[in-house]
Ligand SMILES: Cc1cc2nc3c(=O)[nH]c(=O)nc-3n(C[C@H](O)[C@H](O)[C@H](O)COP(=O)(O)OP(=O)(O)OC[C@H]3O[C@@H](n4cnc5c(N)ncnc54)[C@H](O)[C@@H]3O)c2cc1C
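Numbering (the UniProt record's numbering), first residue to last: 1 to 402.
This is the structure we're talking about:
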């Protein structure tokens, strides 16, 4: 009886092993076929081979990890692509779309890799990664106040290239310079100029995409419905966006920024209450963000801190007079205000010292990497003071920030 059991167990183990081996061989064959398909669809003047990374390539992991911006998705258990294509030319994207379709595998598109849920480089289905970071040219034309920007560029690179050509132009977008243009604009893109100029997607004039049939289309040939969808609907659901033509906006040569922190002992509750009632209605040139966190006082007790961070498209004199009249509870003083250029205000908002050379915006690696979980919601009615107080209580219990 014992022998029989042993034979059954050995047979089961070998069946499982065989099936694993068979699957591995099948995958290997599939991968080789897929690579062959890419090579077959490569244009002779733009060879694709140097853009292909398989798990056998020594730099496969470093290429994959170089744009993972959330440590939650950089675990050994995180599903990995069977291939990475770091496209160097639009024909490589066309090959990727064609081969992905004919092989029935999922294609993930990654630009800056800042997706909160790792959607650009993780999947539970067999998938390959189309990485856009090599396609990042930025062509600024100040005369027409426009720029063609490839989606592999970061926001920091866009801001820098605009500033290289003009001190009085900018682009309304998010505040983190390493975010990618591809995900940001196709998902809308909000930032500290949105009160005056709307979100990034509101400032897009044209786009180049590769559709599901591998066709290269511009605004006219894709049609207005698709053009609408790739400006807020999330690009990957509709096409691979190769480039956006953006409209630059005018900014004054001098802007003013400030950050003012107030704890509960400095009337944070009343100030937050007033902020809720005035912030949405201030002049459109003024944006004030509120951030909340818990800090420990010198006595060792916890307190809540409200930080008000602002960009004003104008000088400090005008800002002070607006604040005195409309938001007096904050008690903004001249010494809180920093006058600077618009491009330097980007550094301020990224907590980079203002004396730093703006070349830092070309740095594609974030200053820190975290385990991130973020969720957004919109408050449509001011939260009453009692609600704020219970929020503070909960935050201090959990010792967290929002
Ligand atoms: C630290 C941090 C700060 C942020 N700050 C802001 C902010 O101030 N304002 C704001 O609005 N948002 C902000 N975001 C959110 C950010 O804008 C979005 O997560 C955005 O989608 C990231 O774009 P990406 O190209 O870097 O990301 P990716 O992870 O590369 O892509 C995000 C999504 O877009 C798709 N996609 C990427 N490129 C293309 C393409 N070329 N064609 C089609 N689909 C594509 C991906 O497949 C994925 O679904 C922030 C995110 C982080 C992590």
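Glycine included, C-beta positions come from ideal geometry on N, C-alpha and C.
No experiment lies behind these values; they were computed from the predicted model shown.
| Check | Outcome |
| --- | --- |
| Whole-number beta carbon distance between residue 320 and residue 337, since they are thought to touch under 8 angstroms | 7 angstroms |
| Cβ shell of residue 250 (< 7 angstroms), same chain only, five flanking positions each side left out | 168 and 169 |
| Straight-line Cα distance separating residue 316 from residue 152 | 36 angstroms |
| C-alpha gap between residue 83 and residue 101, whole angstroms | 15 angstroms |
| Close beta carbons around residue 24, own chain, < 7 angstroms, minus the five adjacent residues each side | Legend: pLDDT at residue 24 = 41, less than 50; position of this residue unreliable, no value from coordinates given. |
| Beta-carbon contacts of residue 72 that lie in its chain and below 6 angstroms, excluding the five residues immediately before and after | 371 |
| Backbone secondary structure at residue 195 - three-state DSSP | helix |
| Residue 280 (DSSP reduced to helix, strand or coil) | helix |
| Three-state secondary structure (DSSP) of residue 100 | helix |
| Any alpha helix (DSSP H) of 4 or more consecutive residues that is wholly inside the stretch 114-192 | 155-165 and 181-186 |
| Option nearest residue 113 by Cα separation, candidates 166, 57, 50 and 178 | 178 |
| At least three beta-carbon pairs within less than 8 angstroms, the stretch 270-287 to the stretch 380-391 | yes |
| Collapsed DSSP secondary structure at residue 88 in the structure displayed | coil |
| Minimum C-alpha distance to residue 143 - residue among 162, 202, 130 and 149 | 162 |
| Paired residues, beta bridge with residue 263 - DSSP | 305 |
| Residue from 201, 252 and 222 with nearest C-alpha to residue 246 | 201 |
| beta-carbon residue 115 near ligand 1 non-hydrogen atom, thresh 7 angstroms | yes |
| Short Cβ contact (8 angstroms threshold) for residue 99 with residue 350 | no |
| Pairwise C-alpha distance: residue 397 and residue 60 | 44 angstroms |
| Euclidean distance between Cα positions of residue 214 and residue 92 | 10 angstroms |
| Same chain, Cβ closer than 6 angstroms to residue 323, five either side skipped, listed in chain order | 332 |
| Distance between residue 33 and residue 191 (C-alpha atoms, nearest Å) | 44 angstroms |
| Presumed contact (8 angstroms Cβ cut-off) between residue 234 and residue 187, rounded CB distance | 5 angstroms |
| Closer than 7 angstroms: residue 120 CB and nearest ligand 1 heavy atom | yes |
| Cβ neighbours of residue 156 in the same chain (closer than 6 angstroms, five flanking residues each side left out) | 177 and 361 |
| beta-carbon residue 109 near ligand 1 non-hydrogen atom, thresh 7 angstroms | yes |
| Residues of its chain near residue 305, where Cβ-Cβ distance is below 6 angstroms and the 5 sequence neighbours each way are ignored | 261, 263, 293 and 295 |
| Residue-chain proximity (residue 212, chain C), Cβ-Cβ < 8 angstroms | Absent from the structure is chain C; it holds one protein chain and no more. |
| Residue 372 CB to nearest heavy atom of ligand 1 below 7 angstroms | yes |
| Contact test: residue 183 Cβ vs ligand 1 heavy atom, cutoff 7 angstroms | yes |
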